[in-house]
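Here is the structure we will look at.
In my numbering, the protein residues as written are -6 to 661.
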């Protein structure tokens, strides 16, 4: 069957909505596409912005190429090119890794292939069934630009007239419940798109593409051959041809409001929709010379038999359809009940969530068959409660801004580090080469306390590179600052500076990050595939550095923390734990989706929990000491999350979201 795709879209860029924007792309009818439509939504991760997403969409479309028998080969090639483009962007721009989540749908005829990487979400209502598609597995959950290669997950769809597919930012799955999502994808675009916008407005960035499948316009049949007049090359015959009206444009299928459709070109070159034309010939049952006669009894009986047969088929067909519908309804209930039973006995929270989502999908389909059935309604409510309990989503309360980084002169592209110490908050602007002291109440203006060429503790300081806090742990604490000359300075609680010894710093190949405990300082050396340990404390680190890594690569390492042992974050969205000289994958359990561009966990001694800045998903994960999921903290001010810090004494969470530094009390 020949099909056409109508589309509508909206983009939110810096909280401003616009119809066309950098996060959605539609490519139809190009010479290289050769009958394939390409529909793309790109989602920024980490430091990625609208411009990079727009570039990736163009790169993907440009590298799709002429379709091969297996369109998945085109999609793999296109996403590999987009992956390399983001990796090159990271190489040139920087210190804060960027990634791009992507949903790329290729449509040819009645078949469609969806390729997804990183944070991505697709909703489909096809063949009367609601489906949700998102990357699964650690490899496919990595955005383009992170890791060695792109590893998309593929979904094949068979299209029919009336089907709808929506490509969205992954945030929709967090901001809109599954029941509402299923209603959106079953609604026309003039209802679905405004409703979706109302639910996600206020978010920093968002992209949505609505695709509706319709029958393609029919090719107009050739008109009847005209009767030749006398004197022409072909004489007329004695038989009168039935008169046929001049064909006119038949009514076209109405386009959904707010959607667009491909255009065709007329022979005159003007763009116009191609009309479908209908021409019918009259049918003669019989005739007599000089007049008409009634149909014979035989003909009447034949007509009566045909009508009776059609009525029988109609009522039998309806009965069969009802039986099939009843069977499908019962099958959906059995499937949902089985999934719920399996979820009740599953030990892993992630497995329970997948089973409950499967049950929810079956129940929503059953509800469309019997909208008023109380047994379905009760099951949907029960499954929803189970999912809410598993998601553990909590909205931050009491959020307030304590600093505007634009006003403080910190560039949006700069890497930042944030720590709390002695009643103040300290933010390192790496690109700007300055350490700022922030007032947690937000009443005082940020003050630069460490800059290049400033004299501190009798020494001229270099550009600050990293900061860390030595916890008090029964003794005096300190804020440590490492400068570009690999000299270490300590700011004590009374506001005085000290220069600390740091022997053999030239042993390192790089200073990627650092973290301190009461007994030691740890320096992450990504270029040297090493973590160096200095024994000591706020009075100095006199012993030579001890290498801790015996095996493993740290080339993609970007940050480090201490949770009993060092935990390292990589630009490929991996978390590694260093134990006995070896690097092991550290994977929190029970999550609804994998972290994207996470920072290593911070331990909060006040409640004994771990806090992970899941930057790509714009949330803060709360885990127990074993790394098992406890809760997730969300708020619109966590959009474009860059880093977090904890004030254990005051039970306060600090975060840098975009160009704002915010604070909120931790739930006790």
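Ideal Cβ positions, reconstructed from N, Cα and C, are used throughout, including at glycine.
Remember, predicted model here, so these are calculated numbers, not experimental data.
Quick check on this structure: which residue in the options has the alpha carbon closest to the alpha carbon of residue i?
i: residue 580; options: 618, 597, 43; result: 618
i: residue 380; options: 398, 393, 417, 336; result: 336
i: residue 133; options: 125, 113, 120; result: 113
i: residue 634; options: 605, 658, 189, 660; result: 605
i: residue 79; options: 139, 105, 367; result: 139
i: residue 68; options: 36, 83, 107, 37; result: 107
i: residue 532; options: 301, 516, 497, 481; result: 481
i: residue 515; options: 487, 172, 388, 460; result: 460
i: residue 349; options: 363, 568, 418, 372; result: 372
i: residue 168; options: 156, 146, 193; result: 193
i: residue 636; options: 150, 422, 58, 498; result: 422
i: residue 404; options: 425, 390, 419, 388; result: 425
i: residue 470; options: 506, 340, 434, 510; result: 510
i: residue 377; options: 105, 171, 109, 611; result: 171
How would you write the range of the beta strand (DSSP E) that residue i sits in, first residue to last?
i: residue 578; result: 575 to 578
i: residue 47; result: From DSSP, residue 47 is part of no beta strand (DSSP E) but of the alpha helix (DSSP H) over 43 to 57.
i: residue 608; result: Residue 608 -> no beta strand (DSSP E), and no H or E assigned at all.
i: residue 159; result: 157 to 161
i: residue 655; result: 653 to 658
i: residue 422; result: 417 to 422
i: residue 635; result: 634 to 640
i: residue 397; result: 393 to 397
i: residue 476; result: 471 to 476
Report back the beta-carbon spacing between residue i and residue j to the nearest angstrom; my notes put them in contact at under 8 Å.
i: residue 688; j: residue 504; result: Absent from the model: residue 688. The displayed extent of the chain is -6 to 661, so no value can be given.
i: residue 72; j: residue 137; result: 7 Å
i: residue 601; j: residue 631; result: With a Cβ gap of about 23 Å, residue 601 and residue 631 do not count as contacting.
i: residue 648; j: residue 655; result: 5 Å
i: residue 74; j: residue 83; result: Wrong, their Cβ atoms sit about 15 Å apart, outside the cutoff.
i: residue 383; j: residue 346; result: 5 Å
i: residue 483; j: residue 493; result: 5 Å
i: residue 352; j: residue 333; result: 5 Å
Starting from residue i, trace the alpha helix (DSSP H) in both directions and tell me its first and last residue.
i: residue 9; result: Note, residue 9: premise wrong, no alpha helix (DSSP H); beta strand (DSSP E) at 9 to 11.
i: residue 371; result: 367 to 384
i: residue 186; result: 182 to 193
i: residue 174; result: 171 to 178
i: residue 436; result: Premise fails: residue 436 is in no alpha helix (DSSP H) and is neither H nor E.
i: residue 518; result: No alpha helix (DSSP H) contains residue 518, which is instead part of the beta strand (DSSP E) from 513 to 518.
i: residue 646; result: First-last for residue 646: 645 to 650, but that is the beta strand (DSSP E), not the alpha helix (DSSP H).
i: residue 65; result: 64 to 86
Alpha carbon to alpha carbon, how far is residue i from residue j?
i: residue 254; j: residue 18; result: In this prediction, residue 254 scores a pLDDT of 37, lower than 50, which makes its location untrustworthy; no coordinate-derived value is stated.
i: residue 595; j: residue 508; result: 11 Å
i: residue 66; j: residue 528; result: 53 Å
i: residue 186; j: residue 553; result: 42 Å
i: residue 570; j: residue 583; result: 18 Å
i: residue 624; j: residue 55; result: 42 Å
i: residue 361; j: residue 325; result: 11 Å
i: residue 411; j: residue 589; result: 20 Å
i: residue 116; j: residue 202; result: 10 Å
i: residue 95; j: residue 557; result: 36 Å
i: residue 16; j: residue 526; result: 44 Å
i: residue 297; j: residue 145; result: 60 Å
i: residue 559; j: residue 572; result: 8 Å
i: residue 657; j: residue 626; result: 11 Å
i: residue 534; j: residue 479; result: 13 Å
i: residue 190; j: residue 57; result: 30 Å
i: residue -3; j: residue 151; result: 13 Å
i: residue 181; j: residue 199; result: 20 Å
Give me, in chain order, the residues of the same chain whose beta-carbon lies closer than 6 Å to that of residue i; leave out the 5 immediate sequence neighbours on both sides.
i: residue 454; result: 447, 476
i: residue 414; result: 462, 472
i: residue 620; result: 581
i: residue 442; result: 428, 430
i: residue 9; result: none
i: residue 563; result: 549, 550
i: residue 659; result: 644, 646
i: residue 43; result: 6, 15
i: residue 663; result: Any answer about residue 663 is impossible in this case: the structure gives the chain only from -6 up to 661.
i: residue 394; result: 653, 655
Would the beta-carbon of residue i be found less than 7 Å away from any heavy atom of the ligand NAD?
i: residue 424; result: Of the ligands one can find in the structure shown there are none, so the ligand NAD has no counterpart to examine.
Excluding the 5 residues preceding and the 5 following residue i in the sequence, name in chain order all residues of the same chain whose CB lies nearer than 7 Å to its CB.
i: residue 175; result: 123, 357
i: residue 639; result: 413, 595, 597, 604, 646
i: residue 76; result: 137, 138, 142, 143
i: residue 128; result: 109, 110, 111, 113, 134, 146
Residues in its own chain within less than 8 Å of residue i by CB, not counting five upstream and five downstream?
i: residue 61; result: 67
i: residue 344; result: 336
i: residue 13; result: 2, 4
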